[in-house]
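Protein chains in written order, with the working numbering: chain G, 471 to 782; chain V, 801 to 1182.
Ideal Cβ positions, reconstructed from N, Cα and C, are used throughout, including at glycine.
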Amino acid sequence: MNILSFSGFIPEQICDTVRFIRHPGQRSIAHYCGYAADFISRVLDDDSIDGCVFPRTCDSTRVLESYLAGSGKFVHRLHVPARRDGLAVAYLAERIKGYQKAVEAHYGVTLDNVPQRGELVNERNAAVARLYGALPELSFGAYIDMLHAMLQRPLAEQTVPDTLPASAGGKPVYLVGSTMCSAGLASAIEEAGMNIVGDRLTESKRLFSAPPVSAKGDIYENIAASMLHNRTSPTQNDFDSILQEDLAEIKSKGVLGVIFVTQKYCEPYDYLYSVYKKALDKLSVPALRLTLTDSTDGRRFDAAIETFADIL
Amino acid sequence: MGQSSIQLQAKLMREYYRDFSKYAKGKLPARKTAWVTAFTPVEILEALDIQYIYPESYAAVIAASGQEQTVLEESERQELCRDCCSYACCIEGTLALEAGPRGLPPRPDVLIATNNQCNTLPNWWNILAERYGVPLIVLDYPGEAAEREMAYEYVIAQHRDLIEKMEALSGNKLDMDRLAQLIENSRASVAAWRRVTDLLAERDIEPTLLFDGISFLITHRCKPETAALYEVMEEEFSQTPPADESKPRLFWLGYPLWYHEKRYMPELLGECRISGSNYITWWSLDYDGDTPMEQLFSAYNYTFLNLKQETKDARLSEDIRRSGAVGAVTLHNKSCKCDFVSARNIPIPQAELEIDMIDRTFLDEGRARRQMEALLESICAG
Ligand code: SF4
Ligand code: SF4
């Protein structure tokens, strides 16, 4: 069983999946983000992958199923609610059960260790949170590489080191975006004399900010509540809380600038940027926007990053 | 003698936009006002006497008035990326400039967004919520992705929650009989509109009339005037001569081009004619069910863009078959991603044109012309 999962919206408590980070796919779908197109390519091209699971959270993920349904592999779309209230929690709990049943039926397995996996996720997230807390002193490039490698491994084998190589210091900046798929971009930012002291990335802040899942009561409702009450993605339609949380962290960490890393044709972040930028302007915090063409866009944006570092 | 459909449409438009110029000068609406997306269960709002406004429709009007470039540029200055849906960019620019061709929409008391057509709309509504500082309600419709029973419970609970919030906003209590009547009106509008659209394949009808005519099924679907208007249209269209059968039939797969005087590009179609379009079927909602709550669930959970690919394929194939089209003009609409992908398995030759329904600069006319020529050649050769 080797299921490729699309994003942080796939509950790790159910079964092991391989988190998609990047893939050099040649597919291009008019006006869709390259990240989603590369996910499709990997599912179709990579024989080691025998299934995939993804949410429906933006217009790009909305169409994944129509490209993957005929792949002959396990294909599951998890409907993550567009709201976060009690109604949504109860509904998502049912969807998670449906996901588990679909995996069990397709692979002929019984997934009976959900509470234990929940505990492992809680512990791992707490360890990542500790590292994040130490970020001003640690290299963000090393931190993000560690997270990406970790998310490729089965949950039981995911280990989080106590520390990482030290940061070279520099002007404190904050990173916003979905998955930081671009290899080397974090290093480019650090080499330009900036120190990434915080973020709202799917694989970092949004991962470990999910409240711990209790094994008491209905485990599925607990997982659903945790999934919906971490730091949100703009796809969850609560820009207000994103602004409040991020601006508080930006102020408390003395951040001098914000770097927005998004995919071309990623509307959720495009919309978020328009209000985020205005909020930053009010605080006189400059923003740099870097737009990636797809998941393997390896450009270092050296000129733009250096200019931004100079402005700071 | 009764009024013509053009007169009836002009009257409805006048009423809808009547106070926009006053709103632009700061007038506040007399009734509580919601800004809604095109597939919102507006029957609930109408029953509670809440005024509802469609920003998407106003964006189309702005493009039709030729003012879209000014507002799109302003929207970019407001940091909204031009890759986003042009409806959103158009409205963002208009609100920032505080001026539009008919004035401005009334200030909202609440924003209601649905995801039964795309996920863009709830995102766009977030930036409106930041602008106006008013509550945002997102209605989450699973569509065919969830089993009917589960989807039903989830959607009904959200509709009940919406009713409660709208009762509190309006100070009115929902009268179920009134809601049932409004749903009946919507059904009558849909039924009459279906009869109108059926005539496109066989009669010599300018597609522009349908691209413009459907806007009332969006903005006024639960009002009795809409069915009345469509009955007049049906009568008028029935009296037009039969279509010229020597002209090959084409299916228009995508949005009308709001900036274009004709809403499509007759100049590129050669001797062909448009005999069908998916856009004009989108608001033909099925209000199936025994109770008003069931009917609203069926209508708004199973909108076309919320269906599974195979259901969309089947519906689209049937629409194309009924239109008798031998080729399709398929629009890769920069704004509307879901629309294009939903049409990816169509069974006839097609020209895939890169366009935007609002931003006229998006079209490479030379390229589109060559693509259309290739399509026409393949149809003729076939
Ligand atoms: S990068 Fe943006 S558009 Fe692409 S899948 Fe993620 S949220 Fe959706
Ligand atoms: S044009 Fe498409 S993307 Fe834009 S609001 Fe309409 S359905 Fe959504």
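1) Just curious, the beta strand (DSSP E) that G/G542 is in, first and last residue?
2) Just the chain G side, please: which residues come within less than 9 angstroms of V/M950 by C-beta, in chain order?
3) Considering only the alpha carbon of each residue, which of V/E856, V/E1045, V/V1032, V/G1089 lies closest to V/C1072?
4) I'd like to confirm the pairing. Which residues does DSSP put opposite V/L1057 in its beta bridges?
5) Taking V/K1023 as the query, report the chain G residues whose CB atoms sit under 7 angstroms from its CB, ordered along the chain.
6) Taking 7 angstroms as the cut-off, is the C-beta of G/P681 nearer than that to any heavy atom in ligand 1?
7) Can you name the residues that DSSP bridges to G/S475?
8) With distances taken from CA atoms, which of G/S475, G/L655, G/I519, G/P738 is nearest G/Y502?
9) Please list, in chain order, all residues of the same chain as G/Y561 whose beta carbon is under 7 angstroms from its beta carbon, the five residues on each side excluded.
10) Smallest Cα separation from V/N915: which of G/T580, G/Q706, G/F771?
11) On the criterion of 16 or more Cβ atoms from any shown chain inside 10 Å, does G/E482 qualify as buried, or is it exposed?
12) Please classify G/I781: does DSSP put it in a helix, a strand, or coil?
13) Could you please tell me which residues of the segment 491 to 515 of chain G, in chain order, have their CB closer than 7 angstroms to any CB of chain V?
14) Could you pull out every unbroken beta strand (DSSP E) segment of at least 3 residues lying fully inside the segment 560 to 615 of chain G, listed in chain order?
15) Quick check for students: name the residue ranges of the alpha helix (DSSP H) that lie wholly in the segment 1043 to 1128 of chain V, counting only runs of 4 or more.
16) Helix, strand or coil: which one does DSSP assign to V/K965?
17) Shorter than 7 angstroms, the distance from the beta carbon of G/S648 to the closest heavy atom of ligand 1, or not?
18) Out of G/E574, G/V728, G/C651, which has the shortest C-alpha to C-alpha gap to G/D764?
19) So which residues on chain V does G/V745 lean against when the C-beta distance must stay under 7 angstroms?
20) Would you say G/P704 reaches chain V, if we count a Cβ-Cβ gap shorter than 8 angstroms as a contact?
21) How many Å lie between G/E564 and G/G578 at the Cα?
22) So that I know if they touch, is there some Cβ in chain V lying closer than 8 angstroms to that of G/S536?
23) Could you compute how far the alpha carbon of V/P1147 sits from the alpha carbon of V/L1053?
24) Going by the beta-carbon positions, is the gap between V/L1175 and V/A1143 smaller than 8 angstroms?
25) Kindly list, in the order they appear in chain V, the residues whose Cβ is closer than 7 angstroms to that of G/A552.
26) Taking the straight line between their C-alpha atoms, what separation do you get for V/A968 and V/V910?
27) With a cut-off of 8 angstroms on the beta carbons, I'd call V/F1104 and V/R1115 a contact; round off their distance for me.
28) Quick one: which unbroken beta strand (DSSP E) runs of 3-plus residues sit fully inside the segment 645 to 682 of chain G? Chain order, please.
29) Leaving out five residues before and five after V/P1041 in sequence, what residues of the same chain have Cβ atoms less than 6 angstroms from its Cβ?
30) Quick one: which chain V residues come within Cβ less than 8 angstroms of G/V755?
31) Under 9 angstroms between beta-carbons, which chain V residues line up against G/K748? List them in chain order, please.
32) According to DSSP, is G/V630 helix, strand or coil?
33) CB of V/Y1059 to nearest heavy atom of ligand 1: below 7 angstroms?
34) Scan the segment 518 to 537 of chain G for residues whose Cβ lies nearer than 9 angstroms to a Cβ of chain V and list them as they occur along the chain.
35) State the DSSP-derived secondary structure class of G/F730, mapped to helix, strand or coil.
36) Leaving out five residues before and five after V/L808 in sequence, what residues of the same chain have Cβ atoms less than 8 angstroms from its Cβ?
Based on what the coordinates show:
1) Careful: G/G542 lies outside any beta strand (DSSP E) and carries neither H nor E.
2) Y561, E564, R565, G568
3) V/E1045
4) Per DSSP, none; premise fails for V/L1057.
5) In chain order: nothing, as chain G lies at least about 29 angstroms away.
6) no
7) G/R489, G/V523
8) G/P738
9) P551
10) G/Q706
11) buried
12) helix
13) A500, H501, Y502
14) none
15) 1092 to 1101, 1109 to 1123
16) helix
17) yes
18) G/C651
19) I927, E930
20) yes
21) 20 angstroms
22) yes
23) 12 angstroms
24) no
25) N915, P922, V938, D940
26) 12 angstroms
27) 7 angstroms
28) 664 to 670
29) D1004
30) The contacting residues do not exist; G/V755 stays about 14 angstroms from chain V at best.
31) Q878, E879, E930
32) coil
33) no
34) R526, T527, C528, D529, S530, T531, R532, V533, E535, S536, Y537
35) strand
36) E1025, A1028, L1029, V1032
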